[in-house]
């Protein structure tokens with residue numbers, strides 16, 4: 001039906017990779033700013049190794065290393081090697097020897113050659129900061145990096161993300177229907193979808209501003225069903241407040257409002273506040289019911305109270321007052 005009406009169909013399937021079109025996040029990196037956004041999305045939606053994974057120092061160290069490697073790939077690698085497979089190969093080649101601080105692995109030699117050619121290179125700056133870590137510390141960083149990107153050990157996922165067929169940056173140019181299929185029981189590969197949505201919103205906003213004078217020629221509506229299973233889209237509380245002016249809209253669909261708070265914490269209220277309409281199909285989650293009732297407010301009702309005393313002398317009383325009652329309770 002969509003094809004009959006002139007829509008081009010795109011599919012990203014994280015349940016069955018063989019039925020999915022290919023998606024390569026590296027194809028949408030245009031600047032160093034995009035590298036930082038990609039790294040942030042990876043960190044936000046994957047887990048490192050053990051207790052250290054949640055500690056600020058280790059997370060920052062991982063970010064430095066990812067940024068250095070992706071920066072090298074973006075600037076120096078040939079087009080066919082700009083993908084996650086190359087990133088994983090570089091991490092695998094990053095051997096560290098605790099008893100030999102002078103040992104240089106193949107990646108050290110790559111960056112040494114790049115520094116000689118261009119000392120102020122973006123990737124070189126990040127790598128030198130990472131190399132400040134001692135042997136034992138660097139080894140822990142690499143272990144966490146390996147654990148975080150463990151899903152890429154599956155060859156099918158590497159193949160899925162080697163090339164790109166989605167053409168995300170064209171969604172606002174012509175009529176396109178993009179179907180994103182994710183598991184509602186297993187979140188192992190949901191980080192792929194988080195990266196995709198993060199890139200999609202940023203690409204479309206940039207294109208609206210830089211090419212079309214602020215508004216896309218074709219409205220892009222995102223129906224985000226099972227939004228809680230997508231994962232965390234960095235800065236989504238800011239994106240949802242600004243995308244509407246670019247001819248982009250988002251419908252967030254949840255089982256309960258508490259799901260949003262579990263992922264976006266204090267920013268959940270900001271996200272809800274930027275949704276101008278709410279459609280409630282029923283539910284039993286108390287927090288959602290309470291917030292919905294408070295949002296609807298109260299109505300004024302007439303309240304009559306009658307009283308009667310039965311004794312030797314009968315008495316009868318009538319009290320009338322106006323009071324407030326929740327519209328939904």
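In full-length UniProt numbering, the protein residues as written are 1 to 329. Just so you know, even glycine gets a beta-carbon here, dropped at the ideal spot from N, CA and C.
What residues are listed by DSSP as bridge partners for residue 77? Residue 77 pairs with nothing; no bridge assigned.
Sequence-distant residues of the same chain with beta carbon closer than 8 Å to residue 195, five excluded per side: The answer, listed in chain order, is 25, 38, 41, 42 and 45.
C-beta contact flag for residue 22 and residue 165 at 7 Å: Yes, they are a contact pair.
Mind the definition here: the region 99 to 106 touches the region 74 to 87 only if three or more C-beta pairs lie below 8 Å; say whether that holds. Short answer: they don't touch.
When DSSP labels each residue in this structure, what does residue 120 get in the three-state scheme? In the three-state reduction of the DSSP assignment, residue 120 falls in the coil class.
Expressed to the nearest angstrom, what Euclidean distance is found between the alpha-carbon atoms of residue 155 and residue 193? The straight-line gap from Cα to Cα measures roughly 18 Å.
Quick one: grab the DSSP three-state call for residue 205. Residue 205 carries a helical assignment under DSSP once its states are collapsed to helix, strand and coil.
How is residue 276 classed by DSSP in three states: helix, strand or coil? Looking at residue 276 - three-state DSSP - the assignment turns out to be coil, as it is neither helix nor strand.
Straight-line gap, residue 181 to residue 134 (C-alpha atoms, nearest Å): Taken atom to atom, the span from the alpha-carbon of residue 181 to that of residue 134 is near 43 Å.
Tell me, to the nearest whole angstrom, how far the beta carbon of residue 172 is from that of residue 208; I am working on the premise that it is less than 8 Å. Indeed, because the Cβ distance is near 7 Å, the residues count as touching under 8 Å.
Environment of residue 272 [buried if 16+ CB atoms lie within 10 Å]: Label assigned to residue 272: buried.
Could you tell me the distance, in whole angstroms, from the CA atom of residue 332 to the CA atom of residue 230? In the structure displayed, the chain extends from 1 to 329; residue 332 sits before or after that span and is not available.
Going by alpha carbons, who is nearest to residue 72 out of 120, 57, 60 and 59? When each option's Cα is compared against that of residue 72, the closest is 120.
So, is residue 61 buried or exposed, given that buried needs 16 or more other C-beta atoms within 10 angstroms? The Cβ neighbour count for residue 61, taken over all protein chains shown within 10 Å, is at least 16; the residue is labelled buried.
Under 7 Å between C-beta atoms of residue 64 and residue 19: It is not a contact, given that the beta carbons lie outside the stated cut-off.
Quick one: what's residue 318 bridged to in DSSP? According to DSSP, which records beta bridges pairwise, residue 318 is partnered with 306.
Buried or exposed: where does residue 12 fall if 16 or more other Cβ atoms within 10 Å of its Cβ makes it buried? Residue 12 is buried by the Cβ-count criterion.
Which of the three DSSP states is assigned to residue 18 in this structure? Assigned with DSSP and collapsed to three states, residue 18 falls in helix.
Is the Cβ-Cβ distance between residue 277 and residue 234 less than 7 Å? Going by C-beta atoms, residue 277 is not nearer than 7 Å to residue 234.
Under DSSP, the alpha helix (DSSP H) around residue 45 begins and ends at which residues? DSSP places residue 45 inside the alpha helix (DSSP H), whose first and last residues are 32 to 45.
Put residue 224 into one of helix, strand or coil per three-state DSSP. Per DSSP, reduced to three states, the secondary structure at residue 224 is strand.
Just to confirm before moving on: does the CB-CB distance between residue 77 and residue 127 stay below 7 Å? At the C-beta level, residue 77 and residue 127 stay beyond 7 Å of one another.
What is the DSSP secondary structure of residue 178, counted as helix, strand or coil? Strand.
Where residue 5 sits in the DSSP three-state scheme: Reduced to three states, the DSSP call for residue 5 is helix.
Thinking C-alpha only, which one of 58, 112 and 29 is nearest residue 75? Closest option to residue 75, Cα to Cα, is 29.
Give the C-beta separation of residue 190 and residue 240 to the nearest angstrom, bearing in mind that I take them to be a contact with Cβ-Cβ under 8 Å. Their Cβ separation, rounded to whole angstroms, is 19 Å, which puts residue 190 and residue 240 out of contact at 8 Å.
Chain-order list of residues whose beta-carbon lies under 8 Å from that of residue 304 (same chain, five-residue window excluded): Within the same chain, 318, 319 and 320 come within 8 Å of residue 304 by CB-CB distance, once the 5 residues on both sides are set aside.
Tell me whether residue 170 sits in a helix, a strand or coil according to DSSP, three-state version. Note: residue 170 maps to helix in three-state DSSP.
Give me the Cβ distance between residue 216 and residue 248, rounded to the nearest whole Å; I'm assuming they're in contact under 8 Å. Rounded to whole angstroms, the Cβ separation of residue 216 and residue 248 is 7 Å, and the two are in contact under 8 Å.
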